[in-house]
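K.L.:
To start, I am sharing the structure in question, which I have written as structure tokens.
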Amino acid sequence: MVLCNLHLIALKDGVEPRSFLGQLRRHGVKPVVQARVVRWMILPTHTSTGHLLGRNVRWDLFLVLEEADSIPQEAHRDIEAAWSATCGVSAKMLSGYASTNRTLLNPAPGSVAPPAKHMLAPARTSQNLEMSPELREWIGSLPAPVREHPVSMLNLLAFNEGKVDQYKQYGVAFAEKVGSRHGGRVKIVGKVVAGGQAQEDGWEEIAFVHYPSVEHFAAMAASKDYQEVNYRYRLGALKDTFILCVMEVDDDGDIVGLRSDREKL
Numbered sequence: 360m361v362l363c364n365l366h367l368i369a370l371k372d373g374v375e376p377r378s379f380l381g382q383l384r385r386h387g388v389k390p391v392v393q394a395r396v397v398r399w400m401i402l403p404t405h406t407s408t409g410h411l412l413g414r415n416v417r418w419d420l421f422l423v424l425e426e427a428d429s430i431p432q433e434a435h436r437d438i439e440a441a442w443s444a445t446c447g448v449s450a451k452m453l454s455g456y457a458s459t460n461r462t463l464l465n466p467a468p469g470s471v472a473p474p475a476k477h478m479l480a481p482a483r484t485s486q487n488l489e490m491s492p493e494l495r496e497w498i499g500s501l502p503a504p505v506r507e508h509p510v511s512m513l514n515l516l517a518f519n520e521g522k523v524d525q526y527k528q529y530g531v532a533f534a535e536k537v538g539s540r541h542g543g544r545v546k547i548v549g550k551v552v553a554g555g556q557a558q559e560d561g562w563e564e565i566a567f568v569h570y571p572s573v574e575h576f577a578a579m580a581a582s583k584d585y586q587e588v589n590y591r592y593r594l595g596a597l598k599d600t601f602i603l604c605v606m607e608v609d610d611d612g613d614i615v616g617l618r619s620d621r622e623k624l
């Protein structure tokens, strides 16, 4: 197991992601993950809400750095707000991340099945990882190249007492059936440990999950088979959670593999 540091970054007004990422490169820092924050899919209900949601903070970047790397002091001057988590991650998972992720972000033509039709009526809210009218409207408002592009979902998890094993059953069902059926693939999973704000706040695990597009994520949320597993295993196991949608970017801050560079988040 190796340690990684996860960072949510809100940049000061006028600072572009390209400029910030350039400062990292100049100091020899190569993130395992560098991504633009797109949208909250599920908000935390009480854990870390002051840091994550307070002061109308607008998160710009999500970074995963190996333990030996840190954000250089020069770059800190461009940060308006930051939140961090330190996690123990499988060394094997981390070593194969770059090649696996490259394939996921640049799938061969015809290799990804289209998103399934929505089988369930929308719920009032998406807080229980269900499709909602508001989520459907937001997805419909996106330009097609963005709507159809791969996304990743950052999940932070805190468990009810004695419910970790129940959540593990959800994880198995997600990987083998209900998630994979919609293109969901866990890219990084780890235990939150001391060293960042996340452990102090009470978070216990992280998962970083790939979907072929936000439409695939929505189709999963609107499927009967997923909701059966969601209600049986996931919801009762969680004391709190959040899901943050991100899109991975290159060193210039542009979304990796986006068909049209004119489309902006």
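Going by this note's numbering, the sequence shown opens with residue 360, and the numbers climb by one from there. Using N, Cα and C, we set each Cβ at its ideal position, and we do this for glycine too.
What are the residues that DSSP puts in a beta bridge with Y570?
P.N.:
Note: Y570 sits in a beta bridge opposite V510.
K.L.:
Using the C-alpha atoms, what's the distance from G447 back to M360?
P.N.:
Using only the alpha carbons, I get a separation of about 6 Å.
K.L.:
Using three-state DSSP, classify H366 as helix, strand or coil.
P.N.:
Here H366 sits in strand by DSSP.
K.L.:
With DSSP as the reference, identify every bridge partner of K395, one or two as the case may be.
P.N.:
At residue 395 the sequence reads Arg, which differs from the Lys that was named. Per DSSP, L420 and M606.
K.L.:
Whose C-alpha, out of A369, A581, D372 and L383, is nearest the C-alpha of D611?
P.N.:
Here the closest residue by C-alpha is L383.
K.L.:
Decide if the segment 521–540 is in contact with the segment 413–433; the criterion is three or more beta carbon pairs, one per stretch, under 8 Å apart.
P.N.:
Taking 8 Å as the limit for Cβ pairs, the verdict is that the segment 413–433 does not touch the segment 521–540.
K.L.:
Inspect the beta-carbon positions of H477 and A581 and report whether they are closer than 8 Å.
P.N.:
In contact: H477 and A581 (Cβ atoms closer than 8 Å).
K.L.:
List the residues that DSSP assigns as beta-bridge partners of R544.
P.N.:
Paired residues: H569.
K.L.:
Within 10 angstroms of its Cβ, does S449 collect 16 or more other Cβ (buried), or is it exposed?
P.N.:
Exposed: under 16 other Cβ atoms inside 10 Å.
K.L.:
Give the DSSP-derived three-state secondary structure of K527 in the structure shown.
P.N.:
Helix.
K.L.:
What separation, rounded to the nearest whole angstrom, lies between the Cα atoms of A596 and W399?
P.N.:
When rounded, the distance between both Cα atoms is 21 Å.
K.L.:
Run the CB neighbour count on R377, radius 10 Å, all protein chains shown included, and call it buried at 16 or more, exposed below.
P.N.:
R377 comes out exposed.
K.L.:
In three-state DSSP terms, what is D372?
P.N.:
In the structure shown, D372 sits in coil (DSSP, three-state: anything other than H, G, I, E or B).
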